[in-house]
Amino acid sequence: MKEIGILMPAYQPDEKAIRVIEELIQVHTGPIFVVDDGSDTSYIFNKLNTFRQVTILRHAVNQGKGRALKTGFHHICNEHPELRAVVTIDADGQHLTKDILNIVQSLDESDDALVLGSRNFSGKDIPLRSKFGNQCTKIIYRFVTGTRLNDTQTGLRGIPTKYLPQLLSIEGERFEYEMNVLAKLKELNIPIAEVPIDTMYLEGNKSSHFRPFHDSFQVYKVFLLYALTSSASFLIDLALFMLFAKVFKIVAPMSFLIIATILARLLSSFFNYYINRHTVFKSGSRKSLYRYYLLAAFIMVTSAGSVQLLYSEWLQNGEIVLKVLVDTALFILAFVVQRKWVFKKEKQIL
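In structure tokens:
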């Protein structure tokens, strides 16, 4: 059976990194790769370099965790094609040896799924920033991808090497890279499995180099982008609706809402499709264009019909408020349909 390697990206590690490696080499026979991401603690890496199983890869300057992982992936693809999987671990000692071995065992049982070490964040000793950050990203990740994950921030991951070329093409150089990988897995048709692991935060997680504000923005950037472009399209649509409603309320008082909705949606859809195609979903096939306008037609008819019905049958005023309420509900529906159908990529054969 082909071996499984271990990959540890490390920036300014302390003696805990040595302890992790010492414990691993007692129970794991595969190669271990440590990426020195521009650290000043050379004595740590000098010690690690004395272990026969360990290979040290070096960055001259700090380039970020994402780049360190990619350096390790490149090395494995080029120099160790015999490996069938690699397990990524953190250098801060928060991943226990028994949990690392559980990931290895899961990879032994199946080499199709990317295996995530999943922590339980319900404990009282969990740092607030970690608990809050995971809860936020978990909700956003499920909404955007349709996949439920218990731990979106775990660095303990078992990756079949057949997926490494695809993971190397994913954007991100720092902490955002790991979240970008999760966001791309469904698009790449890579299955996910979760294995429960112990939740360890040593000394309040002070050894972590995660920068809450900067790196949180990087993590959420891909999701914020969709929200911003959708909001821009919504505002354009609403502004055009107000303009056309004012004009056609005089010349066509019985049907001005339907006319205004149709014209506004036709114009705003050109902007929305272009942005979604080139920046959000990055799919430019003709099929996506056809699907998009089928969806747009459905949303347009539903929006116009709902606003007209509510206006004429019950309220007789407040058409702008009605428009906002109806289109907010349709916005959520449209996103789910775009994610699952409009911009869905064809299954790739590995």
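In the working numbering, the protein residues as written are 28 to 377.
Glycine included, every Cβ here is placed at the ideal spot set by N, Cα and C.
With DSSP as the reference, label residue i as helix, strand or coil.
i: S296; result: helix
i: E221; result: strand
i: P58; result: coil
i: D119; result: coil
i: H101; result: helix
i: P154; result: coil
i: S149; result: coil
i: L175; result: Residue identity differs from the one stated: residue 175 is Arg in this sequence, not Leu. The answer is coil: DSSP assigns R175 none of H, G, I, E or B.
i: N76; result: coil
i: H107; result: coil
i: R201; result: coil
i: I376; result: Since pLDDT at I376 reaches only 41, below the 50 mark, its modelled position is unreliable, and no value is offered.
i: V47; result: helix
i: G91; result: coil
i: F370; result: coil
i: E214; result: coil
i: F308; result: coil
i: Q53; result: helix
i: Q162; result: helix
i: S315; result: helix
i: M206; result: helix
Tell me, to the nearest whole angstrom, how far the beta carbon of residue i is from that of residue j; I am working on the premise that it is less than 8 Å.
i: W368; j: R304; result: The Cβ separation is near 15 Å, so there is no contact.
i: D67; j: A37; result: 12 Å between Cβ atoms; not a contact.
i: E346; j: L284; result: 6 Å
i: V61; j: L128; result: In fact, because the Cβ distance is near 18 Å, the residues do not count as touching under 8 Å.
i: V208; j: L195; result: Actually they do not touch by this definition, with Cβ atoms about 10 Å apart.
i: Y70; j: L141; result: That pair is no contact at about 34 Å.
Could you tell me which residues DSSP pairs with residue i in its beta bridges?
i: A112; result: I31, P187
i: R85; result: D63
i: L141; result: I219
i: A279; result: None, per the DSSP bridge assignment.
i: A37; result: D63
Considering only residues of the same chain and omitting the five flanking positions on each side of residue i, which have a CB-CB separation below 8 Å?
i: I302; result: T256, A259, S260
i: I116; result: I33, L34, M35, V47, H122, I127, G182, L183
i: S330; result: T288, R292, K350, V353, D354, L357
Take residue i and list the residues in its own chain whose beta-carbon comes closer than 7 Å to its own, dropping the five residues that flank it on each side.
i: H78; result: Sequence inspection shows Phe at residue 78; the His mentioned does not correspond to that position. Counting only Cβ-Cβ distances below 7 Å, and skipping sequence neighbours, we find I48, I52.
i: A112; result: I31, L134, D138, G185, I186, P187, T188
i: V307; result: L252, Y253, T256
i: K211; result: I197
Leaving out the 5 sequence neighbours to the left and right, which residues in its chain are closer than 6 Å to residue i when beta-carbon positions are compared?
i: H107; result: none
i: I45; result: K74
i: A323; result: S296
i: T172; result: K213
Query raised in the report: Does the count of Cβ pairs from the stretch 98-111 and the stretch 143-160 closer than 8 Å reach three?
Result: no
Query - Three CB pairs or more closer than 8 Å across the stretch 87-96 and the stretch 196-205 - result: yes
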